[in-house]
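Below is one structure, written out as structure tokens; comments come after it.
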Amino acid sequence: MRSGLKNPLSIWHPYTHPTLDPAPIPIRRAEGAYLYAEDGRRFIDAISSWWVTLHGHAHPRIAAAIAEQARKLEQVIYAGFTHEVAEELAERLREALPASLTHLFFSDDGSTAVEAALKMAVQFWHNQGQPQKRRIIALEHAYHGDTVGAMSVSAESSFTAAFRELLFPVLRAHSAYCCRCPVGKRRDACSIDCAESLEQLLERRSGEVAAVIVEPLLQGAGGMIVHPVEFLQRIREITRRYDALLIADEVLTGFGRCGRMFACEIAGVEPDLMCLSKGLTGGFLPLGATLATPRVFEAFCAPDRRHTFFHGHSYTGNPLACAAAVANLEVFRTEPVFERIAAIERVHRERLARLKDHPAVGDARMIGTVAALELRAEDPGYLSTLKPRLYDFYLQKGVLLRPLGNVVYILPPYAITRGELQYVYEVIEESLALVGR
Ligand code: PLP
């Protein structure tokens, strides 16, 4: 961005090809649903800046809480020490979470919240003298993050191909990807038959299985795949029957994204472990949290130091991130957040009803504030050549949308107005002319 140095340190951007992708756009400030670029352009952030921004950019209450906390206590080691704002966050989260999740472990982001959950699940059995119960079952099309453990439980994809031999082996069960049903059924005439693959796996191998990990109701990076509520309910029932822990990765789905505070709540499902991040701080600062039940926690309580959970990151429980998270929950308490969410849902429903029969659209789906169109592409998948063409088109129209290959999705900040959201849909409708060209 700035020039003049003889030997500049060039920044390497995530998920960006150095020569095939366009240069990053410098952003000067952001407010509400808008990002304002240095060159005077503005963009509607229709993907909440990688699914983190909840109430809108630069929400003043969250900004103020961080500033105030920074003047008081910016950081303290979280082993052997604690601080007020972390305790307050635990209290506030207590009110929002299922009653069965009683223990909170902090980490840095979504991937580390997942890593912590996987390690807790494996050590849970290890501490109880069952080290053979160490395998994880994950779903097809899953995405749980980019660290090595999180990649292992994610689906095999172009994201993980280079590391295949390094990842730990995982057992795979079907996902309820209804428009491409893995068992050839139609949703209107099925009994969630896809869940049988999980049941069969556990029937044969439950003695080796520590946990099943799922993205509840919505698989994000795998293509914004919306599952029937009954699928999650069946998973809970099966994991209980075969005594495998259930890890709900709510990193994306938490904090209202799917229409309720947590996706598990919609299905009436209580997991053994839950991962939170992204919207936890309203999208201001990185923070991860892994929640556990008393049963899980108690397996770490025997008077034997070897039973300690030996996991921690330098910034665990960072006070600034905790202050942002407390302020985020305060916004939920004092502003009509769920009315905003319902308003987004209404627009999604109206617009998808019109778009679903468009010849370029293979499937239209939504849950809560998230809507997705799976477009008919000759080369479906993340590396579809449609993606860069659509991405550029959207930016030219002043909208940040970042299709997952041939899946265009909208995942807006809750502050987006009806008019702004309608505009996003108009741009998407216009872009459908690019499909098949
Ligand atoms: N889990 C899910 C369901 C996600 O969608 C993501 C990121 O998109 C992650 C975990 C990883 O989170 P992070 O990018 O904060 O490491």
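Just so it is clear: in the sequence shown, position 375 is 1548 by the numbering used here, and no numbers are missing. Even glycine gets a Cβ: it sits at the ideal position worked out from N, Cα and C.
Secondary structure at glycine 1427: coil, using DSSP grouped into helix, strand and coil.
In terms of CA proximity to glycine 1554, Glu1329 leads the group Glu1329, Gly1456, Ala1516, Ile1310. Counted as a single uninterrupted DSSP element, the stretch harbouring valine 1287 is not any beta strand (DSSP E) but the alpha helix (DSSP H) occupying residues 1283-1300. Sorting Ala1263, Leu1312, Ala1240 by C-alpha distance to the C-alpha of glycine 1461 places Ala1263 at the top.
Approximately 6 Å separates the beta-carbon atoms of phenylalanine 1278 and alanine 1289; this is inside 8 Å, confirming the contact. With respect to the 7 Å criterion, leucine 1574 and alanine 1219 are classified as neighbours on the basis of their beta carbons. Cysteine 1363 sits in coil when the DSSP states are folded into three classes, being neither helix nor strand.
For phenylalanine 1435, the three-state secondary structure derived from DSSP is coil.
For the stretch 1527-1606, the full-length alpha helix (DSSP H) segments reaching 4 residues or more read 1559-1569, 1591-1604 along the chain. Shortest Cα-Cα distance from valine 1442 to any of Ile1408, Gln1305, Ser1364 involves Ile1408. Not one heavy atom of the ligand PLP is found less than 6 Å from the C-beta of leucine 1390. By the beta-carbon neighbour count (other beta carbons within 10 angstroms, threshold 16), asparagine 1180 is exposed.
Remark: the C-beta of serine 1330 is outside contact range of the ligand PLP, defined as less than 6 Å to any heavy atom.
Contact between glutamine 1392 and tyrosine 1316 is confirmed by a C-beta separation of about 7 Å, below the 8 Å threshold. Per the coordinates, the alpha-carbon of tyrosine 1564 lies some 10 Å from the alpha-carbon of proline 1195. Check the Cα spacing between glycine 1429 and each of Ala1516, Gly1253, Glu1381: the tightest is with Ala1516.
For the pair proline 1492 and glutamine 1242, the CB atoms are nearer than the 7 Å cut-off.
Judged by their CB atoms, cysteine 1363 and glycine 1541 are not nearer to each other than the 7 Å cut-off.
Of the residues Phe1216, Ile1200, Thr1192, the one whose Cα lies closest to the Cα of glutamate 1593 is Phe1216. Here the alpha carbons of leucine 1525 and glycine 1535 stand approximately 12 Å from one another. Where cysteine 1448 is concerned, the enclosing beta strand (DSSP E) starts and stops at 1446-1449.
Note on tryptophan 1224: 16 or more other CB atoms within 10 angstroms of its CB, so buried under the neighbour-count rule.
Within the same chain, Cβ atoms closer than 6 Å to the Cβ of tyrosine 1415 are found at Leu1375, Ser1379, the five residues on either side in sequence being excluded. Here the alpha carbon of alanine 1286 sits roughly 26 Å from the alpha carbon of isoleucine 1514. For phenylalanine 1457, there is no enclosing beta strand (DSSP E), as DSSP marks it with neither H nor E. DSSP, read as helix, strand or coil, puts isoleucine 1220 in coil. By the neighbour-count criterion, in which 16 or more other beta carbons inside 10 Å mark a residue as buried, threonine 1489 falls on the buried side.
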